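Have a look at the structure below before the remarks.
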Amino acid sequence: MRLRPARELLQGRLSFTYSATMKSRIPSLNWLRVFEAAARTESFARAAAQLNMSPAAVSQQIKALEDRLGTPLFERRAQAVALTEAGRAYLPPVQQSLMTLESATEALFGQSRAQGLYVQSVLIFAHGILARGLAEFEKTHPGTSVFLSTGNSATDFHQGFSDLKIIFGNPHSFGAESDKVLEERLFPVALPGCAEVILQPSDLLDHPLIEVSTHRSGWTQFLDEARVQRGKRRMVYADSTVMAMAMAREGQGVALARAPASDATMRGSGLVPCLPGMSVAGSEAYHLVYDDRAALRPPARRFREWLLDWVAHEGWAG
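Here the sequence shown is numbered in the working numbering, starting from 1335 and rising by one per residue.
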């Protein structure tokens, strides 16, 4: 096998050819399966549970893979593990390869009972919407195993491999086809002591406003629709609604809840609406994204149909 630079191979710039005179460096398939599970769950223990192995066995196989490749794939921490730069670069092609093998095996032989489905979702939707519904999906589709990963930035969704993506904002950046799944309504939330002194929209300017930097809909839209004159604002920035609400819970300012996806985060948070009954429609929506509907694998087609029907049945569809 004639080897090419790893970075160029991962970026798809060069292909490689096999030679009988050279030993293949492709690692054991078992090692790759263990690596994929550990990287996806960010936990050796959770990977072990999914693969019916012990955490020690997972750790040993990861170590064997790292020794074979000559580079660490994980940073070991006290209670968790995190991918190194090499691990993050290696994960997408490993997932792609495993999915290709699974799809080919299913298509050619059709003997696999459990069908894996890879879904990527923005964190707030996964936490607030999917967490409620996945148990129902798995109950009605017992042969399908759902592998859910979350992210917030565009990089998260362009690097990872999945059958389906649930994104917020413009769907055309992530796939050729899409379905609008859910719209949102924005309303300000804070700790009770802060909320009780906000009697009208202009009072919001007396407090730090926590903005989610990855969303177009935010405080500017809310204040404009509330007819608050533009004045000096103290802004604090977060990269997700989950983080923004966590900051509000710590008394760092007023955040915008994004119903219904943020409803689960609101429960038990100690946050309350600042102006009860006042909300504005967001200018963006959640979309289910894929490359070609006709080419979706059977479990992906079933999940798409279920998700759209379930959201509509719950009364959330826009």
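We treat Cβ as the ideally placed atom computed from N, Cα and C, and that holds for glycine. Because the structure is a prediction, the values reported are computed rather than measured.
L1642 and L1498 closer than 9 Å at C-beta: The sequence position of residue 1642 within the sequence shown is 308, counting from 1. The sequence position of residue 1498 within the sequence shown is 164, counting from 1. Not closer than 9 Å, so no.
Cβ pair count under 8 Å reaching 3, the segment 1546–1565 against the segment 1520–1533: yes
Separation of S1377 from A1412, as counted between CA atoms: Here residue 1412 refers to the residue found at position 78 when the sequence shown is read from its first residue. Here residue 1377 refers to the residue found at position 43 when the sequence shown is read from its first residue. Rounded to the nearest whole angstrom, the C-alpha separation of A1412 and S1377 is 11 Å.
Cβ shell of Q1586 (< 8 Å), same chain only, five flanking positions each side left out: Walking along the sequence shown from the start, residue 1586 turns up at place 252. Excluding positions up to five away in sequence, the list reads P1542, I1544 and V1570.
Enclosing beta strand (DSSP E) for T1478 [first to last residue]: Along the sequence shown, one-based indexing puts residue 1478 at 144. Note, T1478: beta strand (DSSP E), T1478 to G1485.
Reduced DSSP category for M1356 - H, G, I as helix; E, B as strand; rest coil: Your numbering for residue 1356 matches position 22 in the sequence shown. At M1356 the pLDDT is 42, less than 50, meaning the model places this residue with poor confidence; the figure from the coordinates comes in the next sentence. M1356 carries a coil assignment under DSSP once its states are collapsed to helix, strand and coil.
For R1519: DSSP bridge partner residues: Your numbering for residue 1519 matches position 185 in the sequence shown. A1593 and A1615.
Inter-residue spacing [alpha-carbon to alpha-carbon] between A1448 and A1634: As a position in the sequence shown, residue 1448 is number 114, starting the count at 1. As a position in the sequence shown, residue 1634 is number 300, starting the count at 1. With a pLDDT of only 46 at A1448, under 50, the local geometry of the prediction cannot be trusted, and no value is derived from it.
S1455 versus S1547 - alpha carbon distance: Along the sequence shown, one-based indexing puts residue 1455 at 121. Along the sequence shown, one-based indexing puts residue 1547 at 213. Answer to the nearest angstrom: the Cα atoms are 18 Å apart.
F1721, DSSP secondary structure in three states: Lying outside 1335 to 1652, the shown extent of the chain, residue 1721 is not represented and no answer is given.
E1639, buried or exposed, once every other Cβ within 10 Å from all chains shown has been counted against 16: Counted from its first residue, the sequence shown places residue 1639 at position 305. Exposed, because fewer than 16 other Cβ atoms sit within 10 Å of the Cβ of E1639.
Residue from I1463, Y1452, G1616 and A1383 with nearest C-alpha to M1600: Translated into positions along the sequence shown, residue 1600 becomes position 266. Checking every option, the nearest Cα to that of M1600 belongs to I1463.
C-beta atoms of A1589 and L1605 nearer than 9 Å: The residue you call residue 1589 lines up with position 255 of the sequence shown. The residue you call residue 1605 lines up with position 271 of the sequence shown. Yes, they are a contact pair.
Residue from R1564, S1512 and A1529 whose Cα sits closest to the Cα of L1630: On the sequence shown, residue 1630 is found 296 positions in, with the first residue counted as 1. Checked all of R1564, S1512 and A1529; the closest Cα to L1630 is S1512.
Residues bridged to L1475 (per DSSP): Translated into the one-based positions of the sequence shown, residue 1475 becomes position 141. It is worth fixing the name first, because residue 1475 is His in this sequence and not Leu. In the DSSP output, where bridge partners are listed per residue, H1475 has none listed.
Spatial neighbours of M1581 in its chain, beta-carbon cut-off 8 Å, leaving aside the 5 residues before and after: In the sequence shown, the residue the question calls residue 1581 occupies position 247. Only residues of its own chain outside the window of five on either side were considered, and among them I1544, V1570, A1572, G1587 and A1589 have a CB closer than 8 Å to the CB of M1581, listed in chain order.
L1468 vs A1595 beta-carbon contact at 9 Å: Locating residue 1468 in the sequence shown gives position 134, counting from the first residue. Locating residue 1595 in the sequence shown gives position 261, counting from the first residue. No, the pair does not count as a contact, with Cβ atoms beyond the cut-off.
DSSP state of D1625 mapped onto helix, strand, coil: Position 291 of the sequence shown holds residue 1625. Reduced to three states, the DSSP call for D1625 is coil.
Cβ neighbour criterion (16 or more within 10 Å) applied to A1717: Look at the range of the chain in this structure, 1335 to 1652, and you will see that residue 1717 is not part of it.
Residue interval of the alpha helix (DSSP H) (run including M1581): As a first step, residue 1581 is located in the sequence shown; it is residue number 247 there, counting from the start. That run of the alpha helix (DSSP H) goes T1575 to R1583.
Short Cβ contact (9 Å threshold) for G1616 with E1518: The residue labelled residue 1616 in the question sits at position 282 within the sequence shown. The residue labelled residue 1518 in the question sits at position 184 within the sequence shown. Cβ distance < 9 Å, so G1616 and E1518 count as in contact.
For E1436, the residue or residues it bridges with in DSSP: Position 102 of the sequence shown, counting from 1, holds the residue named residue 1436. Paired residue(s): none; E1436 is not in a bridge.
P1505 burial status per 10 Å Cβ neighbour count (16 or more: buried): Locating residue 1505 in the sequence shown gives position 171, counting from the first residue. Looking at its Cβ environment, which holds 16 or more other Cβ atoms inside 10 Å, P1505 is buried.
Exposure of G1527, with buried meaning 16 or more beta-carbon neighbours within 10 Å: For the purposes of this step, residue 1527 is identified with residue 193 of the sequence shown, where counting begins at 1. So G1527 counts as exposed.
G1450 - partner residues in DSSP beta bridges: As a first step, residue 1450 is located in the sequence shown; it is residue number 116 there, counting from the start. G1450 is bridged to S1479.
Rounded straight-line distance, which links the Cα of S1479 to that of V1453: The sequence position of residue 1453 within the sequence shown is 119, counting from 1. The sequence position of residue 1479 within the sequence shown is 145, counting from 1. About 11 Å.
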